[in-house]
Each structure stands twice: as structure tokens, then as C-alpha cells.
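In this text, residue positions in the sequence shown follow my numbering: the first is 670, and each later residue adds one. Glycine is no exception: its CB is placed at the ideal position from the N, C-alpha and C atoms. Here's the structure we're looking at; comments come further down.
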Amino acid sequence: MTDQPGSSGEAAAPPKIASAGGSMLAARIASQVAQLALFVAAARVLNPSDFGVFTLIVAVSNLLLLLASAGWREFILGWRGDENGINQALIFSILAGLGFGALGALAAFALAVLGFGAVISILTLILSAYVALCAPGVALSAVLVRKGAVGSFSAATIIGEFAGLAFGLYGLFAGWGVLALGASKLGGQIVNLVIVAAAARWPLRLTLAGGSRREILDFSREILASRIIGFVSNNASTFVIGAFLGVASVGYYRAAERVVSAVAELVFEPLRLIAWMAFRHAADGANARSDVIRRLTDEAQVFLPMTLLIAGPAFVGLAIVAEDLIVLCLGETWAPAAPIAVILAIAFLFLTPSVATEPLLTVTGRIQALPPVSLFNACVSVAVILAFTPFGAVSTAIGRLIAYAVAMGTSFWLQVRHARTPWLSIMRRAAPVYGALAVMLSAVFAARAMLPGEGLNVIWRLAADVGVGALAYVGSVALIQPSYVRAALLRT
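As C-alpha cells, then:
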């Protein structure tokens, strides 16, 4: 991205990594609590087939949102020029949101004409309005993060999510069915957008005049290409399962995926935003490319071990408790989703290195290398899902694990080739994580062997697994290398 001098457009110095990460983590925890509360309530009201229909419609609306978002957030976070570029990116986000929201509204009308029923048509219309509002909301959130106002961004997220929960719960108890879930998304986004716009206080000028348009659109195209490919890769399972196994299987698979993705968002979203802040700040002030690479290498050797330190116990621990967690939260009806969740938890662990890929490639000016690799990953994902899905939803999850393992390898390759990320050194630095995970697993299984099996309440079993595992992991890391924890988590 062009390094243009700027004054008012130049981002403020980012807040301390620990405080920024804590604020974003708090927002993600609140977000997941609200979303999971609604998900659990909906699972008690809706059957797997209803939930499967909702999942398919949401997948289509997510595609529209992907097209409407188009990398505006990433452009704003990575822009190193004057404020005109940010203003233009905000204008593009508004236009894109309105355009693709209108396209969704036309789709809702078409569904009604074709006889798909009022519920499906209305739900599509609601989610189209959500797309129209979400695109500028995402861009404005990036302005807040760029300014260092992470607390305001987090507060907007928390309030919006709980507003959405209130809308959704009201709709479920009022008998709206799946429309309640759509109302939750739209209502929460309206509240979020109002707060973010008020907090950003950006003096929006309704003009596209200036010299940044081409750079914005070129950057957006590169991001959008990789995101579309990633969307196909990540959502192929939903449509393929629906085609081969029916909407009930889609419901089970989506339920498992929702539980795992809740943990993934708690882990990855704060880390992803911190990566943008950390790598961009590391590159600020560097002139020669060699100096940029050197600074990014130093930053990567601290930040990337931190991602492994956090993601490792989160996903391995989830795989251990997934069965009890699903039965406890969703009920015995959803028990077939448990083995799917176990496999997906391990699969998501393979995505950990990818949180740094976009920031590194953007800062080094190599973002154009991402779409071809994303296309390769998508082809692998679709191929294995098509091969495995006819054997059942559990087999689909195994195929996804294979695809994510390949994606991890391509993330390594991109980062090493274009940003010279020293992954061998990073993996050595993360050695305490591997030992601590082994201790955690041993401690949990030893505790299970000592506790009564069938007679133990599922809540107590979950509490024992989580408590023993957390103590074993944290204690092991602190004992093996206490300086590692201080360097990774308390770094300023």
C-alpha cells in the first residue's frame, strides 16, 4: 500500500497490545455469550430442519455481505496516507452496502414470486437490510481501531450484541420462529452502527474526489478475490451437505460448527486485529523494504508464538469437552453433532497461523499473492468435501480438517516467501506450548479415570475437565518458561 505522508489521516499510536487485546477479548466474550444464549434458546424451539433452512439462507446473505465489505476495513487499517483515502473507503462501503442490500431485496421478491413461502422471503429481506447496514459499520469500526479507540469499538460490539439477543429472544417467545434470528441480526446491527458512527465522529464528505480511488479499488479487488475464494471453501460443506444429506444434516453440522466457531472467534478476532495493529505499527517509520522486513521479523517472533500459546489449549480443550458441552447446552436431540464438533475443533487449530497472513502481505505490499493461494486452498477444500460428504456429516468434518491442514501449509509458505517470517525459529520459541498441551491432556484423562463415570453429572464432569485442564496448562507453561508468558502476553 502506498506510503504517503499524512497528518490528520495518520493513525494514532496504537494502545498497548495487552490492553487492546483485553478490550477486544472482552467484546468477543460478550458477543459469544449473547450469540450462544440465542443459539441455545433457538435450538430448544426450532428443530434441526428449521435451523438447516436458516443456515442456508444466512450463507447466501453472508456472500452478499462479503461482496459489500470488499476489504474496506483492511484498507483503512493498513492505509498510511492522508485522511482522504479513509473518507473515500467509507463512501465506497456505504455504496456497496446499499447496492448488495438491494440485490438481496430483489432475491427476496423473486423467492416470493417462485412460491418459496412468506417466511423464507421475509427472512431474506431482513438479512438484506442487515447487509446494507453492516458494510459501513465494519468500515467505521476500522476507523475506531485505527484511532486507537479500541474501548469504544468493544463497547459498541457488546451493546449491539446484547441488543440483538433481546430482539431475538423476544421474537422466539413471541412465536416468530426463524424470523426471530433474522430480527436479532438486524436489530443488533442497527444499534451497533449508531454507536460506532457516534464514537468515530468522522467528518464524512460525500465525494469521491481525490487520487486514492484507484488504489482503494485495486486493494479491494485483491482482498475480495481471496475472500470469495475463502467463502466458497468454508461454505461448500453447508451446500454440499444440503444436497447430499438433507437440511437436517445441515442443522447438525451447523450446530457443531457454531459451537466451535464461537471459540474460534474468541481466539482469532482479537488476535487478527492485534496483528493488524502490531505489524502496521512495526512497519511505521521504515523506509527501505529491508528495514520493513527486519522489523516485521522481530515482531513475528513475539506475536506468532502468542497465537499458539492461546489457540492451542482453546481448541484442544474444546475437542475434549465438545460432547458434554453440546448435550448440556442443546439437549440430547443434538447429540449427533458432538463427533463433528470434536473434529472441527482440531481442524480450526490449523488455521492459527493464518491470522497474520493478510496483515503481513498488506504491510509488505504483496497482497496480490494471496488470491492465487486462496484459490488453491478452495479447490482442495471443495474437492475433499465432495469426496467425503457422501459418507456422512462426520466424514465432511474430516475432509474439512484435511483442507485446513493444507491451508496451514500455504500460510507458512506465503509468510516465509513474502515477509520472511522465521517459522522455524517461531516454532522453537513455542516449545513450552507443546509440553504444556501434553501435560493438560494427561491431567484431564487422569482425572476422568479417577472420577466416577456414568453417575457423574455432566455439569460436574465439564467443570472438572475445564478446571483440571486449565490449571495443568497454565501451571506447566509458567513452570517450564515463565519469561515466555511475560514476553507473549504482557508485552507493551
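Sub-8 angstroms separation of residue i and residue j beta-carbons
| i | j | result |
| --- | --- | --- |
| E968 | A951 | yes |
| I924 | F1057 | Strictly speaking, residue 924 in this sequence is Ala, with Ile absent from that position. Not a contact, by the Cβ cut-off of 8 angstroms. |
| V901 | A1038 | no |
| V800 | V722 | no |
| W871 | V814 | no |
| G920 | T793 | no |
| A1088 | L940 | no |
| L796 | V727 | yes |
| Q704 | A931 | yes |
| V863 | S810 | no |
| L775 | Q858 | no |
| G829 | V807 | no |
| A1016 | Y1073 | yes |
| E884 | R697 | no |
| A1241 | V1137 | Because residue 1241 is not part of the residues shown, which for the chain are 670 to 1161, the question remains open. |
| S823 | M693 | yes |
| L994 | V928 | yes |
| A1004 | V1011 | no |
| L834 | N756 | no |
| V1075 | V1049 | yes |
| R1069 | L1120 | no |
| V1042 | L987 | no |
Cβ-based burial, residue i [other Cβ within 10 Å; buried from 16]
| i | result |
| --- | --- |
| D1134 | buried |
| A758 | buried |
| F1019 | buried |
| E1001 | exposed |
| V709 | exposed |
| F842 | exposed |
| L973 | buried |
6 angstroms CB neighbourhood of residue i in its chain, flanking five on each side removed
| i | result |
| --- | --- |
| A804 | A737, S738, S762, A765, G766 |
| A944 | V1024, A1025, P1028 |
| V1102 | L977, L978, G981 |
| R896 | L735 |
| L1140 | none |
Run of the alpha helix (DSSP H) containing residue i, from where it starts to where it stops
| i | result |
| --- | --- |
| D967 | 958-999 |
| N753 | 752-782 |
| V1032 | 1026-1032 |
| S810 | 787-816 |
| N1046 | 1039-1057 |
| V1166 | Outside the shown range of the chain (670 to 1161) lies residue 1166, about which nothing can therefore be said. |
| D953 | Neither: D953 is in no alpha helix (DSSP H) and is coded neither H nor E. |
| L725 | 717-738 |
| S1094 | 1092-1098 |
| P1008 | 1007-1018 |
| L1120 | Per DSSP, L1120 belongs to no alpha helix (DSSP H) and is neither H nor E. |
| F744 | 741-747 |
| L850 | 848-869 |
| I1036 | Looking at the DSSP string, I1036 is not in any alpha helix (DSSP H), and its letter there is neither H nor E. |
Same chain, Cβ closer than 8 angstroms to residue i, five either side skipped, listed in chain order
| i | result |
| --- | --- |
| Y922 | S906, T907, I910, A1006, I1009, A1062, T1065, A1066 |
| A781 | A787, S790 |
| P1059 | F913 |
| S1094 | Q970 |
| G768 | A737 |
Member of the options whose CA lies at the smallest distance from the CA of residue i
| i | options | result |
| --- | --- | --- |
| A1025 | F1060, L942, Y1103, K854 | L942 |
| I1128 | P1040, C998, L772 | C998 |
| A917 | S1050, A699, V812, N716 | N716 |
| R949 | K854, F744, I698, L694 | F744 |
| F1114 | L1013, I989, V1011 | I989 |
| S1145 | A1118, L775, V1042, S1111 | S1111 |
| I962 | A947, T1033, V936, S895 | T1033 |
| A1147 | S821, G1138, A1105, S790 | A1105 |
| V936 | G856, P1022, A912 | P1022 |
| S1080 | E926, L1044, P1101 | L1044 |
| L1055 | F984, N903, I1012 | N903 |
| L734 | I760, M1077, A771 | A771 |
| G899 | V702, Q1084, V1051 | V1051 |
| R958 | G740, L834, V1011, T1031 | T1031 |
| I1036 | G840, R890, A712 | R890 |
| I1149 | I755, A1099, F888 | A1099 |
| Y1142 | G844, I892, V985 | V985 |
| G695 | R896, W1082, A825, F972 | Reading the sequence as shown, one finds Ala at residue 695 and not Gly. If we check each option's Cα against that of A695, A825 comes out closest. |
| G637 | G856, D960, D887, A711 | Residue 637 is absent from the model: the chain starts at 670 and stops at 1161. |
| W741 | A832, A699, G754, G840 | G754 |
| N731 | I1071, A779, G747, G773 | G773 |
Neighbourhood of residue i by C-beta distance below 7 angstroms, restricted to the same chain and skipping five residues each side
| i | result |
| --- | --- |
| G837 | L707, A849, L850, A852, S853 |
| S718 | V916, A917, G920 |
| A777 | S790, T793, L794, S797 |
| P684 | For P684, the pLDDT reaches just 45, beneath the cut-off of 50, and the residue's location in the model is therefore unreliable, although a value from the coordinates is still provided. Excluding sequence neighbours, P684 sits near G817, V819. |
| A869 | L809, V812, L813 |
| E926 | L1013 |
Residue i at chain D interface by Cβ criterion, 8 angstroms
| i | result |
| --- | --- |
| R1130 | Of the chains in the structure shown, none is chain D; there is only one protein chain. |
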